[in-house]
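Enquirer: Sharing a structure below in structure tokens format, with a few things to ask.
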Amino acid sequence: MRLLFISLISFYFLVGFIPNKANANDFDLTIITTNNGDLDILQDGEDNNIDLDVQSMNNFELDFSQVGNYNNIDIDVDGRTSSGSSITITQTGNNKTYTGNLWCGHSYCTMTLNQ
36 MRLLFISLIS
46 FYFLVGFIPN
56 KANANDFDLT
66 IITTNNGDLD
76 ILQDGEDNNI
86 DLDVQSMNNF
96 ELDFSQVGNY
106 NNIDIDVDGR
116 TSSGSSITIT
126 QTGNNKTYTG
136 NLWCGHSYCT
146 MTLNQ
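What follows is the structure, encoded as structure tokens:
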């Protein structure tokens, strides 16, 4: 009985410490309202993900860079009153994806995508 108990505990620890696959870097950002600023994000590695939702940003610059393979960026911009803002995305590596739903409802907004 004691040997069975020790065997079960050993099996539990063996199975419990098997590493699980996890995403390298998941970055989720929601901007409701912001004025005058900049944000630079660099993700280096594989299986990185950026999920960005923006409602209003004035004179704000976002710069996202992903270096490596299997990286993804998903952007949803509902720029109700956004003005003078820009988003720059740079992805290098293999198997990179980008999806976006963009709307700028004021003077001007820019977005640049480099793949």
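The working numbering puts the first residue of the sequence shown at 36, with every later residue one more than the last. For glycine and all other residues, C-beta sits at the position ideal for the given N, C-alpha and C.
#1: Could you have a look at Glu81 and say whether DSSP puts it in helix, strand or coil?
#2: Rounded to whole angstroms, what is the Cα-Cα separation between Tyr143 and Thr125?
#3: Between which residues of its own chain and Thr65 is the CB-CB distance below 7 Å, once the five residues before and five after are set aside?
#4: For Thr123, which residues in the same chain have their Cβ closer than 6 Å to its Cβ, ignoring the five residues on either side in sequence?
#5: Within 10 angstroms of its Cβ, does Asn149 collect 16 or more other Cβ (buried), or is it exposed?
Expert: By the coordinates alone:
#1: What you label residue 81 is simply residue 46 of the sequence shown in a count that begins at 1. The answer is coil: DSSP assigns Glu81 none of H, G, I, E or B.
#2: The residue you call residue 143 lines up with position 108 of the sequence shown. The residue you call residue 125 lines up with position 90 of the sequence shown. Distance between the alpha carbons of Tyr143 and Thr125: 21 Å.
#3: Here residue 65 refers to the residue found at position 30 when the sequence shown is read from its first residue. Cβ within range, chain order: Asp88.
#4: Position 88 of the sequence shown, counting from 1, holds the residue named residue 123. Within the same chain, Thr123 has close Cβ partners Asp98, Thr147.
#5: Position 114 of the sequence shown, counted from the first residue, corresponds to residue 149. So Asn149 counts as exposed.
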